[in-house]
Structures are given as structure tokens and as C-alpha cells.
Amino acid sequence: MSQSKGGRGGAAAKGKKSGKTGGEEQREAALQALIADDFQTRFLPFSLDKPRCLLPLANTPLIEYTLEFLAMNDVKEVFIYCGAHSEQIENYIHNSRWLPIAQSGPFSVLEFIRVADARSRPRWSRIIGSDFLLVHGDLVSNLSLEGALAAHRARREANRDSCMTMVLREASEGEHHTKTRTKTPVFIVDPRKNRCLHYEETNPFQADHYVDLDPTVLEGAEAEARTDLIDAQIDICTPDVLALWSESFDYELPRANFLHGVLKDWELNGKLIHTEIVTEGYSARATNLQMYDAISHDVLRGWAYPFTPDCNLLNGQTYHLQRDNVYQEDDVFVGDYAEIIDAVLGRDTHVGSNSIIQNSIIGRNCKIGNNVRITNSIIWGGAEIGDDAVVEHAIIADMGYVGKGAAVREGSLVSRGVCIAENIDIAPTTVLSLLTHDRKSLDSEPGVVGAQGKGAIFQYPEEDEAGPEELARLENSLIFNLDRFDIDDSSVSSIGDDDFSDDESEAASATPSQPTARSRLSSFASDDSGAPNFSSFHADAVHGLLEVLRGSVGDFDSEKLEFTSLRLANNASDVAMRKAVATAFVRRAVELMNTESGGVDAVKAAKETLTSRAGASDFVADVGVGGDSVSDQLEFALAIQRACVSTTKTMEVGKAGNLLAAMLQQMYDLDILEEEGLVAWWEDARGKEGEVMPVVRAKCQPLIEWLENAEEESDEEEETDEDDD
Numbered sequence: 001m002s003q004s005k006g007g008r009g010g011a012a013a014k015g016k017k018s019g020k021t022g023g024e025e026q027r028e029a030a031l032q033a034l035i036a037d038d039f040q041t042r043f044l045p046f047s048l049d050k051p052r053c054l055l056p057l058a059n060t061p062l063i064e065y066t067l068e069f070l071a072m073n074d075v076k077e078v079f080i081y082c083g084a085h086s087e088q089i090e091n092y093i094h095n096s097r098w099l100p101i102a103q104s105g106p107f108s109v110l111e112f113i114r115v116a117d118a119r120s121r122p123r124w125s126r127i128i129g130s131d132f133l134l135v136h137g138d139l140v141s142n143l144s145l146e147g148a149l150a151a152h153r154a155r156r157e158a159n160r161d162s163c164m165t166m167v168l169r170e171a172s173e174g175e176h177h178t179k180t181r182t183k184t185p186v187f188i189v190d191p192r193k194n195r196c197l198h199y200e201e202t203n204p205f206q207a208d209h210y211v212d213l214d215p216t217v218l219e220g221a222e223a224e225a226r227t228d229l230i231d232a233q234i235d236i237c238t239p240d241v242l243a244l245w246s247e248s249f250d251y252e253l254p255r256a257n258f259l260h261g262v263l264k265d266w267e268l269n270g271k272l273i274h275t276e277i278v279t280e281g282y283s284a285r286a287t288n289l290q291m292y293d294a295i296s297h298d299v300l301r302g303w304a305y306p307f308t309p310d311c312n313l314l315n316g317q318t319y320h321l322q323r324d325n326v327y328q329e330d331d332v333f334v335g336d337y338a339e340i341i342d343a344v345l346g347r348d349t350h351v352g353s354n355s356i357i358q359n360s361i362i363g364r365n366c367k368i369g370n371n372v373r374i375t376n377s378i379i380w381g382g383a384e385i386g387d388d389a390v391v392e393h394a395i396i397a398d399m400g401y402v403g404k405g406a407a408v409r410e411g412s413l414v415s416r417g418v419c420i421a422e423n424i425d426i427a428p429t430t431v432l433s434l435l436t437h438d439r440k441s442l443d444s445e446p447g448v449v450g451a452q453g454k455g456a457i458f459q460y461p462e463e464d465e466a467g468p469e470e471l472a473r474l475e476n477s478l479i480f481n482l483d484r485f486d487i488d489d490s491s492v493s494s495i496g497d498d499d500f501s502d503d504e505s506e507a508a509s510a511t512p513s514q515p516t517a518r519s520r521l522s523s524f525a526s527d528d529s530g531a532p533n534f535s536s537f538h539a540d541a542v543h544g545l546l547e548v549l550r551g552s553v554g555d556f557d558s559e560k561l562e563f564t565s566l567r568l569a570n571n572a573s574d575v576a577m578r579k580a581v582a583t584a585f586v587r588r589a590v591e592l593m594n595t596e597s598g599g600v601d602a603v604k605a606a607k608e609t610l611t612s613r614a615g616a617s618d619f620v621a622d623v624g625v626g627g628d629s630v631s632d633q634l635e636f637a638l639a640i641q642r643a644c645v646s647t648t649k650t651m652e653v654g655k656a657g658n659l660l661a662a663m664l665q666q667m668y669d670l671d672i673l674e675e676e677g678l679v680a681w682w683e684d685a686r687g688k689e690g691e692v693m694p695v696v697r698a699k700c701q702p703l704i705e706w707l708e709n710a711e712e713e714s715d716e717e718e719e720t721d722e723d724d725d
């Protein structure tokens, strides 16, 4: 193994012995590369005092998922190679169930390889004398490698120059929440032989997005460009791989350097690398915060089964599944009228009254105050969130503190021990820490965290020539957003927008920002971030609903089945589902308002959209809203508002506001939305964000006032009736 900048960590594990022709024993070994400093800046400031493999993912250290994956695939001997924070990793393993001396331990050997030993090829050769499995300590996967191992052995027997097999997961060509967006891996493969011919990576900041191929690569081979693959870097290797690494001292990264270099010089080294592409199972690496966030929520939703919180990987965990997809440990207190949906709650956590926790993971010993709203966020153990605080799509590290009435906005990172004072509003994508990138203490900034707060803006280290500064900034962020970069949108295919037409979305997916690849669909394709982008689910779902609304095909009974199947096939979240339904119905209403014959007003357009097709209103209630809770109704009303706002690029803001008011009025009349849900939407701060949202929303004020007055009159009538009785 070569040594990367800043040092690497790793481990090795061997599989069970099996008989072999001639009486030889063949051993399958697994080399667990626990990268401690490689890509470490992508987890700053959280990784300043802890290795990434020990950071909690759904309240369980990342390394637990990786070791469990090895055990599931019958690995028997493990060798761990770690550089930075090696003492922490060793201490953790020595106090875990993974040691061979533990009665429940699945491994017969578990050893650590020091950096000095790793630099010595003879040392590695003595440990690993036959084929081995190479994975990383941030891997979450439930793949079975039985078929891949058998195919690798067969190729190895047929040709001794076959030195490595990469196990890849088929997804879709477009965006996918477990495909890293900062870089696009491009595999050129021969589909007949499953041989990898070329590998290259592209990123949004390149001047062009093309792959240059040596013509000799294509001689006698059928070439297929694949950008639809999820690469969690699960590699079945022969000892030749170690030799190739040691011969090229400048190799630093397994893919961009090693794989690219070996394939480029295949005529000189004579080595062949193959792929094993699987279509079932889950496989992803938490290589940066965006991937960490996506995998965390996949575990919460059960897509990485059996890796769900209630499988209780750690000794002492007591998670059990409750209603509304809530995984809760023992000794958790939830106050009156608190609403918790799609969440994980660790032991000894206290949730105050009237608080809302949605699509979030809360660690142990956390204190959540009254009237708190936490959405799409991850909060580690020992954190405290004060009364009336708001946390939106952020990460609060262990022992973090958010004061009463404070707000932590989307994409923000609050490191260990940071204290945010009362009524402080932390701007989106802010990174707060107590330490600098070289682990020196930071002076607190009262203008950022408040006079009583503790912490300061974290400054990332300057990047060297190894990568562009823009790419590093993007990889260090929690959310994928190119708006703040000076970049030509036309060169980036991953950019989409809600107000594209279906034809425009297809054209966008065909832009030259990624190398051309064969079109493929997969049950592993989705995007559940809720961000304004074009996933395959969104485009297909909106198109299908519009066809039914126009009367072109079918009815809503059959469409409900189609929509549900599409959602399951694309792993679409509740956010994506509401967004698709809201977008389709608003677009249909806009079509009716903009017909060549002059169209109709907003009230008639809304009424016809929701009532002209049998089953339309029931579909919106059952699928769009999806429940009777106030939270469900609030979220769908917000989705309708956003869909109306997206029309303001082609329609006057006033008309968009009229349409929003008419749609909500019709939904109230049809019992799709109730008074409590509409009032909750009106009071939700998200409906007032930006410049356009409040303007469109203002048209609904008469409706809300009417609802509130109607409630007062109803209360007065009830009191009068009681007096008469």
C-alpha cells in the first residue's frame, strides 16, 4: 500500500479456508482500509479529534456496519490498517465484541497493522499470501459477495493476469442520493467479458466533460460507458495488487490514481481488472457529509436492511420500532402533543411538549425543549436544544447547545461543544467550531454565536494543487448546491429545476456534462433530498399524473398503483412524493388558466383540476397528503405553495398567489385539508422564506382569516347551545 498525504489507516481480514485441487489451501482475506486522514478534510470540523470510522451513523459508529458486512460474508481473519487516530480505533476495537476472544466474535483473527509495517511490502506479503477483499471503514452494505467471489475465482483460474474484481452496484444514469455528486466516476467496460477498460472521474468544475480513450483500448473489445454505477470500493484483489501499488510510489487514491494508472498502462503491466455489477442490495460509502447524510436517512427508512436501528448492532442498544417509523430506545421521554415522524431517539433523551421532530436522528442523553422544530437533521449524543428553537437540515455534534429561540439553518454544521446563545439565527451553510483545522483553540465570535455563546466560524485549510478550491468547498458542505459557485449551468447535467417541462428535463439529462452511457433503469434510483432537482421519479411521476388529469390515459385508481410502484422502484421519499403530486396538480391548473381560448380564472382552474376527473381529490388526500395529522397537511400545503412559486417564472406573481389560494380553498372544501392543517401551514416559517414565497402566500390571508373567524363563531354557537340547554 502506498502512503497518502497525511497518512492512511487500514486493516486486513481473512476468510474461512476451503479445499483446493492439489491439496492446497486457499484463503480469502479481507483488507479493511480504514482511511483516517485520506478525505479527512471532508468531515471537518467533526474529524478533528475523532476518526471518521468512529463517527455515529444512526447512533452507531460507522465501523460497526463495515465489520458486520465482513462477518455477513463469512470473513474469518481481519487485519486493520490505520494511521491518524489509530489509538482511538484500537481502543474501540479492543473493547468491542469483534475481538476473537469474545464469545460472540465472528473472527478468528483480528490484528492491527502499523504504518511502518504497511510501508513494507514483505510484511504485507507474509500476511496476505492469496486473494483478499479490500473495503473501507466507512462502508455500509448488505451485499452478498458469494457470486462475485465465484466469478473472480473462475477468471483467476482461466487467466492469472486477472488481478482484481470491483463489485459495483447498478443505479441510474441521473442523480441518486448515494452517488457522490461532487465527482462522477466513469467506467468504460467490455460487457461481454466484464472487463474494465478505462476509468476516469469528472467533476462540475471541469472545462469540459469528456473522456479521452486510447484507440488501442477498443481493439477487439466492445466498449460501454457506465456513469450509472455506485462504487462503494469493494474490491476482490490478488497479491499482484500489492505489487502494483508498491511499484508506483505516487499512487495515492484507489480509483483516481491506482485504477486509472493500472488500466492506462495495462499493455506494460499485463494485468486485467474486471467488474461484477450487481442489481440488488445496498452499498454506499460515507466519503463526505452529503453521503453521510444520505446513508443515515437510508438506514432510518430501512433501505439498508438488515441495517436498521432496531437490529441493535451495539451491545446495550434497545431500539424498537414504533408507529410513524420512529425507532426509540428505552428510557425516552416524549412530552404532550409532541409530533415525531421518521426519527431515531436514543436512550435518556427528553423531548418537550409541542415539539416536532421529522426525518431526523437524535442521539442519547439529548434534551429537546418545548415547541422545538427539528427537520432533516442529525443530532449527536449529549446535545441540548432550547425551547422554541429551530434546526433545519443541519448536524449538531455531541455536547452542542442551541439556545432558546435560536435557529440553525439548512446546511449548517455545529461542532462538538459549540454553544449558540438565545435568539441567535445561524445562517445557512455556516460551520461553527471551537478548534482550528490544526487543532488550536478558536476565540469565540459574539457576533456569530451571541454574547453568551461559545464558538466561531471554522476556516477550512487551504487546498493545494491536488484539487480545485471550489471542489473542496463543495465536498466539505452538507448540501449539494452550485448556486454560490461561478460555474456555467449548461455544463452540469446534475442541475435541474421544478419548472422545467418534461421535454426540458429529458434534454437536460442529455447534456454533455457526463460521458454518454447506455440508458438504464434501476430499483436503486432515487433522490430523497427534497431539493429542487430532477430525479427520474419526479419526471416520470409528474408526467403520469398529468396524462391522467388531461384525460389522455387511465383513471386515478390505476394511476395510484402506477404511482406507488414508481415510488417503490425509485426509493422515493415522502418529500419527493408530495413534491411530485403538488407539481402535477398545479401544472394542470396552470394549463387550464393559459389555454388558447383565454383560459379560466384561478378558482375555476383549481376546481376543475381537483374534481373533473373521478378519484382526483381522493388521490391527493391518500397519496399527496398521506395522513390525517396536522404535520402531513402542513407539509403538503407547503409543497403546493412551492409548486405555485415555481410558476412565477412564466406567470405573474399575483396569478400564482390567486392559484395558491384557490387550490387551498378547494382542498378545504373537499376535506383534503382541514382548518388545523391550513393554520399550521400559515404559521410555519418556511412559507415566509425568500422574496417570492411571502408574496404568493399573502393572497391566502383572507382564507386564513375566514377560517379563524369561522372557528370563533362556531365556539360562540356551542357556548350558546350549552347555555340554552
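Mapped onto the UniProt record's numbering, the consecutive letters of the sequence shown carry residue numbers 1 to 725. We put the beta carbon where it would ideally sit given N, CA and C, even for glycine.
Which of the three DSSP states, helix, strand or coil, is assigned to Arg373?
-> strand
Between the region 162-169 and the region 82-96, do at least 3 Cβ pairs fall closer than 8 angstroms?
-> no
Could you give the residue range of the alpha helix (DSSP H) that holds Met291?
-> Leu289 to Arg301
How would you write the range of the alpha helix (DSSP H) that Thr430 sits in, first residue to last?
-> Segment: none, Thr430 is in no alpha helix (DSSP H) and carries neither H nor E.
From Ala616 to Glu591, what does the alpha carbon distance come to, in whole angstroms?
-> Taking the straight line from one Cα to the other gives about 17 angstroms.
Look at the alpha carbon of Gly551 and the alpha carbon of Arg613, and state the distance between them as a whole number of angstroms.
-> 8 angstroms
Own chain partners of Asn376 with C-beta closer than 6 angstroms, once the 5 adjacent residues on each side are dropped | Asn359 and His393
C-alpha gap between Gly352 and Ala606, whole angstroms | Distance between the alpha carbons of Gly352 and Ala606: 39 angstroms.
Take the Cβ of Asn658 as the centre, count every other Cβ of all protein chains shown within 10 Å, and call the residue buried at 16 or more, exposed below.
-> In summary, Asn658 is buried, with 16 or more beta-carbon neighbours lying within 10 Å of its beta-carbon over all protein chains present.
With a Cβ-Cβ cutoff of 8 angstroms, do Ile420 and Val449 count as a contact?
-> Closer than 8 angstroms, so yes.
Got a sec? Which residues, its chain only, sit under 8 angstroms from Phe556 by beta carbon, not counting five neighbours each side?
-> Excluding positions up to five away in sequence, the list reads Val548, Arg613, Ala614, Gly615, Ala616, Asp618 and Phe619.
Tell me whether Val402 is buried or exposed, calling it buried when 16 or more other Cβ atoms sit within 10 Å of its Cβ.
-> buried
One or two residues paired with Ile361 in a DSSP bridge = Val344 and Ile378
When the Cα atoms are used, what is the spatial distance from Asn709 to Pro702?
-> 10 angstroms
Could you work out which residue in Trp380, Ser355 and Tyr337 is closest to Gly369 when comparing CA atoms only?
-> Ser355
DSSP on Ala406, reduced to helix/strand/coil?
-> coil
Specify, as a first and last residue, the run of the alpha helix (DSSP H) that Thr583 falls within.
-> Asp574 to Met593
Using only alpha-carbon positions, find the residue among Phe112, Cys700, Ile236 and Leu218 that is nearest to Arg156.
-> Ile236
Compare the Cα-Cα distances from Ser629 to each of Pro61, Arg323 and Ala427 and report the closest residue.
-> Arg323
Grouping DSSP H, G and I as helix and E and B as strand, with all else coil, what is Phe556?
-> helix
For the putative contact between Tyr327 and Pro309, defined by C-beta atoms under 8 angstroms, what is the C-beta separation to the nearest angstrom?
-> 4 angstroms
Coil, strand or helix - Leu435 by DSSP | strand
Cβ neighbours of Gly381 in the same chain (closer than 6 angstroms, five flanking residues each side left out) = Gly363, Arg364, Asn365 and Asp398
Can you have a look at Val189 and say buried or exposed, based on whether 16 or more other CB atoms are within 10 angstroms of its CB?
-> buried
Integer-rounded CB distance, given that Val645 should sit under 8 angstroms from Val692 | 5 angstroms
Would you give the residue range spanned by the beta strand (DSSP E) that Met166 belongs to?
-> Ser162 to Glu170
Quick one: residues in its chain with C-beta nearer than 6 angstroms to the C-beta of Lys579, no 5 flanking neighbours on either side, listed in chain order?
-> Ala639
Which residues DSSP lists as bridging Pro61, in chain order | According to DSSP, which records beta bridges pairwise, Pro61 is partnered with Pro56.
How long is the line joining the alpha carbons of His543 and Ile378, rounded to whole angstroms?
-> 34 angstroms
Just grab the DSSP bridge partners of Asp235 for me.
-> DSSP lists Leu134 and Met166 as partners of Asp235.
Can you tell me whether Glu146 is buried or exposed, with buried defined as 16 or more other CB within 10 angstroms of its CB?
-> Burial call: exposed.
Does the beta-carbon of Pro45 have 16 or more other beta-carbons within 10 angstroms, so that it is buried, or is it exposed?
-> Per the 10 Å Cβ criterion, buried.
Proximity of Gly417 and Leu478 at Cβ, strictly below 8 angstroms | no
Check the C-beta distance from Pro51 over to Ala102 and give it rounded, since I have them as a contact under 8 angstroms.
-> Pro51 to Ala102, Cβ: 22 angstroms. No contact.
Give the secondary structure of Glu475 by DSSP, where H, G and I count as helix, E and B as strand, and everything else as coil.
-> Judged by DSSP in its simplified three-state form, Glu475 adopts helix.
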